[in-house]
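Notes to accompany the following structure.
In the working numbering, the protein residues as written are 357 to 866.
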């Protein structure tokens, strides 16, 4: 059989994830604050992007976008009509891409942020700048002027420098480095002594000195030692208190009669000792430093209106992103280098794609949030007891999107309404079948009923079997193991644990 060259023509289909599509998908899963950080990086990288002040553009004006190409002979720019979004999606013309058209006349885009309306999503308090964490020029940035907090290690080293010197100060520095943020010493003294080449007795003496520093209880190696140091500081470390601290596991189990025998005290003295013990700080180091607690910033506002529900993005956390038309024209006309012009066209295409991706992200989030409000309207009206079982597929089918898109939209995003601040994932829960064959109820609704029943149990502690009976009477077809799982999920102990806690509380009150 003879071999020879041959030219064939074949046609096939393939799905390619372009960098622009990957960018749009990545933006969809980010929260507003994360998008703000991403935009800041793009502003540094792309010279054609700029953040427009709030007062420069009204809410009804679309973002400025300029298309790549040469200017006409008469100086008109751009020389051709910008392509539509439909053509861009069909042809994939990334170089000439423009943001999708947005109907800024609909209710969603009436205002720049949730508080620009007559009432305001925050009840008219005018907290948009504070809630968004982005002041721009409207007010001071209190985080930037806040004094830096002294860390626990710096606080201890300052005290060590005032009372120790020489080798003792050197050992104290290593001991302080081994103290965790709660104030406990995490290293063994013998290992530290061998590593430093210092006598164990000297290391123990330096540790005893550190344990006299503020806050009281720092440098302890166990909870019992931490409480003992605080009791000694308060001049309450008598033999009875020492025996109580040595038997904290009995106190945790609620074995009060056994504790009375061990400590040799009566009910009144034991109650006074337990009350004193509860006043001590089990983690004294947390008073200093540590990471600052970051408040959750809502991505979506939901408010009741006279016509239904208003769903709106928290645009206070997102700066205005514009393409600098005049700067692009100036660079395009003045630069004759081919590589520079290619780079400039790539910057323009990237800027246009980013503006379009942000616009698409906003519309997708509002669309998903609107469907969530529609599906869970009973929750917004009446509370968690009326939360319905809901899946990502149900929302995806209702709005004509893929389930993965809904999953990305609901990740790391929070919704603010009259009932509080909720993660979007909160509204997707499994269902519990009704005992009468009616509509299923969500797991969160069942947890709410369990919490209410236990809160109202009084002196008659309810067992899991009794909770099952009460829930069945309310119409929930639920098993005992499910009740136990939900009870533990909301942080409530078993009937035995709650009975012991009640006994300890009664003793303390007496």
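Backbone N, C-alpha and C fix where the C-beta goes; we use that ideal spot for every residue, glycine too.
Label residue i either buried or exposed according to how many other C-beta atoms from any shown protein chain fall within 10 Å of its C-beta, with 16 as the threshold for buried.
i: residue 324; result: It is not possible to answer for residue 324, since the shown part of the chain is limited to 357 through 866.
i: residue 738; result: exposed
i: residue 617; result: exposed
i: residue 354; result: As shown, the chain starts at 357 and ends at 866. That puts residue 354 outside it, with no answer to give.
i: residue 544; result: exposed
i: residue 326; result: The chain is shown only over 357 to 866; residue 326 falls outside these bounds and no answer can be derived.
i: residue 814; result: exposed
i: residue 641; result: buried
i: residue 372; result: exposed
i: residue 363; result: exposed
i: residue 573; result: buried
i: residue 662; result: exposed
i: residue 695; result: exposed
i: residue 407; result: exposed
i: residue 744; result: buried
i: residue 673; result: buried
i: residue 546; result: exposed
i: residue 788; result: buried
i: residue 502; result: Low local confidence applies: a pLDDT of 47 at residue 502 is under 50, so the model's placement there is unreliable, and no value is given.
i: residue 841; result: exposed
i: residue 578; result: exposed
i: residue 375; result: exposed
On the DSSP bridge assignment, give the partners of residue i in chain order.
i: residue 669; result: 656
i: residue 773; result: 776
i: residue 540; result: 576
i: residue 359; result: In the DSSP output, where bridge partners are listed per residue, residue 359 has none listed.
i: residue 535; result: 541
i: residue 664; result: 661
i: residue 332; result: Outside the shown range of the chain, which is 357 to 866, sits residue 332, and nothing can be said about it.
i: residue 679; result: 405
Specify the secondary structure class of residue i as computed by DSSP and reduced to three states.
i: residue 674; result: coil
i: residue 850; result: coil
i: residue 834; result: coil
i: residue 375; result: helix
i: residue 406; result: strand
i: residue 711; result: helix
i: residue 824; result: helix
i: residue 685; result: helix
i: residue 562; result: helix
i: residue 621; result: coil
i: residue 367; result: coil
i: residue 720; result: helix
i: residue 385; result: coil
i: residue 611; result: coil
i: residue 520; result: coil
i: residue 527; result: helix
i: residue 569; result: coil
i: residue 695; result: helix
i: residue 514; result: helix
i: residue 592; result: coil
i: residue 639; result: coil
i: residue 814; result: coil
i: residue 554; result: coil
i: residue 819; result: coil
Kindly examine the ligand FAD and report whether one of its heavy atoms sits closer than 8 Å to the Cβ of residue i.
i: residue 788; result: With respect to the ligand FAD, the structure offers nothing, as it holds no ligand at all.
Residue i CB to nearest chain D CB: under 9 Å?
i: residue 719; result: Included in the structure is just one protein chain, with no chain D present.
Taking 8 Å as the limit between beta carbons, can you name the residues of its chain near residue i, skipping five residues before and five after?
i: residue 720; result: 384, 757, 761, 765
i: residue 525; result: 516, 517
i: residue 741; result: 801, 804, 805
i: residue 390; result: 768
i: residue 520; result: 528, 562, 565
i: residue 534; result: 541, 542, 543, 548
i: residue 752; result: 758, 759, 761, 762
What residues in its chain sit with their C-beta under 7 Å from that of residue i, if we drop five residues either side in the sequence?
i: residue 706; result: 402
i: residue 854; result: 817
i: residue 680; result: 404, 406
Apart from the five residues on each side of it in sequence, which residues of its chain come closer than 6 Å, Cβ to Cβ, to residue i?
i: residue 799; result: 785, 786
i: residue 726; result: 667
i: residue 643; result: 571
i: residue 767; result: 385
i: residue 365; result: none
i: residue 583; result: 601, 636
i: residue 480; result: Note that residue 480 has pLDDT 41, beneath the 50 cutoff, so the model's placement of it is unreliable and no number is given.
i: residue 827; result: 834
i: residue 728; result: 783
- Whole alpha helix (DSSP H) runs in the stretch 723-767 with 4 or more residues, listed along the chain? 733-738, 748-755, 759-765
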